[in-house]
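*Asks:* Line order of the protein sequences matches chains P and H. For the first sequence, counting from 1, position 129 maps to 168 in this note's numbering; every step adds exactly one. For the second sequence, counting from 1, position 445 maps to 453 in this note's numbering; every step adds exactly one. Note that beta-carbon positions come from the ideal geometry of N, C-alpha and C, so glycine has one too. From a predicted model like this one, the values you see are computed outputs, not experimental measurements.
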Amino acid sequence: MKIKLFGIAALAAFATACASTPEAVEEPIPAPAQEPVVQDYTPAGPVAGSVEHFVATAGDRVFFGYDRHDLTAEARAVLRDQAAWLMTYGDARITIEGHCDERGTREYNLALGARRANAARDYLIGQGVDPARITTTSYGKERPTCRESNEGCWAVNRNATTVLTGGYTN
Amino acid sequence: MTRIFQLVTAFIASLMVVATASAQEPLRVDITQGNLDPLPIALPDFIGQNEDTADRGADITRVVTNDLASSGLFAPVDPAAFIEDIENIDLRPRFADWRVINASALLVGRVTEQADGRLLVAFRLWDTRLEDQLLGVQYVTAPENWRRVAHKVADAVYQRLTGEAGYFDTRIVYVAEGRGVEGEPIHQLAIMDQDGANPSFLTDRSYMALLPNYSPSAQEITYVSFLDGQATTYLYDLETGRQEALFASGGRGTVSGIDPDGQSLSARFSPDGTRLAVSVETRSGHDIHLYDLRTRALSRLTQHPADDVEPSFSPDGEQIVFSSSRGGGSQLYIMNADGTDSRRITFGEGRYTTPVWSPRGDLIAFTKQSGGMFSLGVVRSDGSGIERILFEGYYVDTPAWSPNGRVLLFTRGEPRANGTRYEIWSIDLAGFNLRRLATGGMASDPAWSPLID
Numbered sequence: 040m041k042i043k044l045f046g047i048a049a050l051a052a053f054a055t056a057c058a059s060t061p062e063a064v065e066e067p068i069p070a071p072a073q074e075p076v077v078q079d080y081t082p083a084g085p086v087a088g089s090v091e092h093f094v095a096t097a098g099d100r101v102f103f104g105y106d107r108h109d110l111t112a113e114a115r116a117v118l119r120d121q122a123a124w125l126m127t128y129g130d131a132r133i134t135i136e137g138h139c140d141e142r143g144t145r146e147y148n149l150a151l152g153a154r155r156a157n158a159a160r161d162y163l164i165g166q167g168v169d170p171a172r173i174t175t176t177s178y179g180k181e182r183p184t185c186r187e188s189n190e191g192c193w194a195v196n197r198n199a200t201t202v203l204t205g206g207y208t209n
Numbered sequence: 009m010t011r012i013f014q015l016v017t018a019f020i021a022s023l024m025v026v027a028t029a030s031a032q033e034p035l036r037v038d039i040t041q042g043n044l045d046p047l048p049i050a051l052p053d054f055i056g057q058n059e060d061t062a063d064r065g066a067d068i069t070r071v072v073t074n075d076l077a078s079s080g081l082f083a084p085v086d087p088a089a090f091i092e093d094i095e096n097i098d099l100r101p102r103f104a105d106w107r108v109i110n111a112s113a114l115l116v117g118r119v120t121e122q123a124d125g126r127l128l129v130a131f132r133l134w135d136t137r138l139e140d141q142l143l144g145v146q147y148v149t150a151p152e153n154w155r156r157v158a159h160k161v162a163d164a165v166y167q168r169l170t171g172e173a174g175y176f177d178t179r180i181v182y183v184a185e186g187r188g189v190e191g192e193p194i195h196q197l198a199i200m201d202q203d204g205a206n207p208s209f210l211t212d213r214s215y216m217a218l219l220p221n222y223s224p225s226a227q228e229i230t231y232v233s234f235l236d237g238q239a240t241t242y243l244y245d246l247e248t249g250r251q252e253a254l255f256a257s258g259g260r261g262t263v264s265g266i267d268p269d270g271q272s273l274s275a276r277f278s279p280d281g282t283r284l285a286v287s288v289e290t291r292s293g294h295d296i297h298l299y300d301l302r303t304r305a306l307s308r309l310t311q312h313p314a315d316d317v318e319p320s321f322s323p324d325g326e327q328i329v330f331s332s333s334r335g336g337g338s339q340l341y342i343m344n345a346d347g348t349d350s351r352r353i354t355f356g357e358g359r360y361t362t363p364v365w366s367p368r369g370d371l372i373a374f375t376k377q378s379g380g381m382f383s384l385g386v387v388r389s390d391g392s393g394i395e396r397i398l399f400e401g402y403y404v405d406t407p408a409w410s411p412n413g414r415v416l417l418f419t420r421g422e423p424r425a426n427g428t429r430y431e432i433w434s435i436d437l438a439g440f441n442l443r444r445l446a447t448g449g450m451a452s453d454p455a456w457s458p459l460i461d
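1. Would you give the residue range spanned by the beta strand (DSSP E) that R429 of chain H belongs to?
2. Taking Cβ-Cβ distances shorter than 8 Å, what residues in chain P pair up with N426 of chain H?
3. Report back the beta-carbon spacing between E181 of chain P and L219 of chain H to the nearest angstrom; my notes put them in contact at under 8 Å.
4. When DSSP labels each residue in this structure, what does Q238 of chain H get in the three-state scheme?
5. Can you give me, in chain order, the residues of the stretch 142–162 of chain P that have a beta carbon less than 8 Å from any beta carbon in chain H?
6. What does E136 of chain P pair with, by DSSP beta-bridge criteria?
7. I'd like to know whether the C-beta of P423 of chain H is nearer than 7 Å to at least one C-beta of chain P.
8. Start and end of the beta strand (DSSP E) containing N344 of chain H?
9. What are the start and end residues of the beta strand (DSSP E) that includes F102 of chain P?
10. Name the one or two DSSP bridge partners that T375 of chain H has.
11. With 8 Å as the C-beta to C-beta threshold (strictly closer), list the residues of the stretch 313–336 of chain H near chain P in chain order.
12. Of all the residues that make up the stretch 185–206 of chain H, which are near chain P by a beta-carbon distance shorter than 9 Å?
13. Is the stretch 419–433 of chain H in contact with the stretch 156–163 of chain H, if contact means three or more CB pairs nearer than 8 Å?
14. Using a Cβ-Cβ cut-off of less than 8 Å, give me the residues of the stretch 204–224 of chain H that come near chain P, in sequence order.
15. Run through chain H and tell me which residues come within less than 9 Å of S177 of chain P, C-beta to C-beta.
16. Taking T406 of chain H as part of the beta strand (DSSP E), name the residues at either end of that continuous run.
17. How many angstroms separate the CA atom of D349 of chain H from the CA atom of F209 of chain H?
18. Strictly below 8 Å CB to CB, what residues from chain H border E113 of chain P?
19. Cα separation between D453 of chain H and V183 of chain H?
20. Please list the terminal residues of the continuous beta strand (DSSP E) segment that includes R179 of chain H.
21. Which bits of chain P does Q339 of chain H rub up against, with CB to CB less than 7 Å?
22. Count the other C-beta atoms from every protein chain shown that fall within 10 angstroms of the C-beta of Q57 of chain H, then say buried if there are 16 or more, exposed otherwise.
23. Note down, one range per segment and in chain order, each beta strand (DSSP E) of at least 3 residues found wholly within the stretch 82–158 of chain H.
24. Throw me the rounded Cβ distance for the R352 of chain H and Y341 of chain H pair, which I believe falls under 8 Å.
25. Grab me the residues of E395 of chain H's own chain with a C-beta within less than 6 Å of its C-beta, minus the 5 sequence neighbours each way, in chain order.
26. Using CA coordinates, which residue listed in H:Y403, H:V415 and H:G413 is at the minimum distance from R424 of chain H?
27. Under 7 Å between the Cβ atoms of G179 of chain P and R155 of chain P?
28. Quick check: the stretch 96–107 of chain H against the stretch 128–138 of chain H, are there 3 or more CB pairs under 8 Å?
29. Please state whether DSSP places L442 of chain H in a helix, a strand or coil.
30. Just verifying my parser: in three-state terms, what is the DSSP assignment at Y299 of chain H?
31. Contact between the stretch 175–195 of chain H and the stretch 84–93 of chain H is defined here as three or more beta-carbon pairs at a separation below 8 Å; is this criterion met?
32. Express the C-alpha separation of P87 of chain H and R70 of chain H in angstroms, rounding to a whole number.
33. Just verifying my parser: in three-state terms, what is the DSSP assignment at D453 of chain H?
34. Using the C-alpha atoms, what's the distance from E252 of chain H back to A95 of chain P?
35. Check the DSSP bridge columns for I397 of chain H and list the partner residues they point to.
36. Does the separation of the CB atoms of Q238 of chain H and Q271 of chain H fall below 7 Å?
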């Protein structure tokens, strides 16, 4: 009942609006700012085949759950993009660094970081990347991205980071 | 290492002490109990023959006093309370003067410079109630070794009064942590005396150095170096400064199943110093290996898809304890030193890591992570699963035993605004006497030397 009533009221309002004629109002248009003419030689976006290009198009790191080294669906998607980029730029060589949060002892985390790096490496190889182009290392908890003592920080620090080590465009 | 101290025993005969018959028990610190009333001991400055040796005597007494107090087993009496002024250590002290200020033990000493320029440091330890001399010893040494003489005096007092070897004439290798110009973490190996004196760096700041361990001879250490960009086990000769990567490229490539580009981690010496137990990355994870320092052969002890890390020998060399995630979360396991008969020894909630076998053999120190906290504990090595927690905090890592198995050093981390602050702390096996080790700045990964000859 209420809906019908509302419908009628709306129609009435529309009819009223149509009936009135728009009034022409003169408004000042802002003058264009006087800008120096610059010839921009840099293309939009990073240079193809560069580190910045790799990070922008594929993403250089994948994240892991607490005390985990298995790849999430999100991580696999990033690694597929990395593999595609590496197939396009076939000279590029990479080191995958495994990293951990600080909630584990030093040696335990060195081992866990190695597992994370290897998980990323194995997935790239499965996507067709030549194993000879990939090395891995683990920094355990010793090279954190984020230093605060909270879960948000620790989640960022649990990653495998792909670093281009050669064969890319400077 | 050359012996730099000459122990002169004839000194004891220079003063005959007649022990009087008494119903009292001989003076003894009972360190087997949870403790404790620390033993009150008076430590008047060692006397000298002139101003220089008197100053040195005061220096030595300061170091001895600090050593004994740091153990938590002794309570040095305030020198302001002293009544008798010790002028000749070859005369019997006025025992009543020391008893009345409640000093159960009295240590007196004398420093003299010999004709050859060496220092002669003589001391006597007295039981003030039995009026009995407990020790009379003297050391001869080059003047620059006065601190080590002081530690040897403290060790002698500790041993005489507790019945166990001391641990003061020892050194500690650790990781000095810092930040570089761009805030990047720095991890350098450093060495210092047990009381924090004579610190120096063993590695520079250009690469990361972690997880040192002492050899039983105190002449070498192992550590994990990132010199080659990958965690790699190194052997470091403290006498010469020479270091080498163990079973690096080529060497370990000959062992089947080992990832030639993989990491190798913290290596611990067998008690006889001939072998190392070390976790090495393989195709299937990390496994415990044995490295023979004479044949330079690496052999595999465990083969499991889970990570087996952090091996440590039993003091008889027959067994190895390690941590493994083979049962899900990380737990501790003991196996025979040939890799047979692996069995789990921890059963509690949480993740158990960093097992280190006590020099006494009956206990294994560990760190445990549960409920968002870390703890330091000991578990019996007999498989009973009986454990005791000594300390709980935000972060705990890398326990290290004193050579007599009485004290544990460990890395302790506390959260700060600019990142976790790591320091080395010590605690008595009975869970008391928590102290910060006197490192200059941030520090971690302590390795405690054996008693130095």
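*Replies:* By the coordinates alone:
1. R429 to D436
2. R186
3. In fact, because the Cβ distance is near 11 Å, the residues do not count as touching under 8 Å.
4. coil
5. R142, G143, T144, R145, E146, Y147, L149, A150, L151, A153 and R154
6. P:T176 and P:T200
7. yes
8. Taken as a continuous stretch (DSSP letters only), the beta strand (DSSP E) holding N344 of chain H covers Q339 to N344.
9. R100 to F102
10. H:T361 and H:L384
11. D315, V317, E318 and S331
12. Residues G191, E192, P193 and H195.
13. At 8 Å Cβ cutoff, the stretches do not touch.
14. M216, L218 and L219
15. Q238, A239, Q271 and E289
16. Y403 to W409
17. 41 Å
18. Those within 8 Å of E113 of chain P in chain H number zero; the least Cβ separation is about 24 Å.
19. Those two C-alpha atoms are separated by around 6 Å.
20. R179 to R187
21. Simply none; closest approach about 12 Å.
22. exposed
23. 82–84, 113–121, 127–135 and 140–149
24. 5 Å
25. G385 and V387
26. H:Y403
27. Not closer than 7 Å, so no.
28. Because the criterion of three Cβ pairs below 8 Å is met, the stretch 96–107 of chain H and the stretch 128–138 of chain H touch.
29. coil
30. Of the three classes helix, strand and coil, the one that applies to Y299 of chain H here is strand, per DSSP.
31. No, because fewer than three Cβ pairs between the stretch 175–195 of chain H and the stretch 84–93 of chain H fall closer than 8 Å, the two stretches do not touch.
32. Distance from the CA atom of R70 of chain H to the CA atom of P87 of chain H, rounded to whole angstroms, is 11 Å.
33. strand
34. 41 Å
35. H:G385
36. yes
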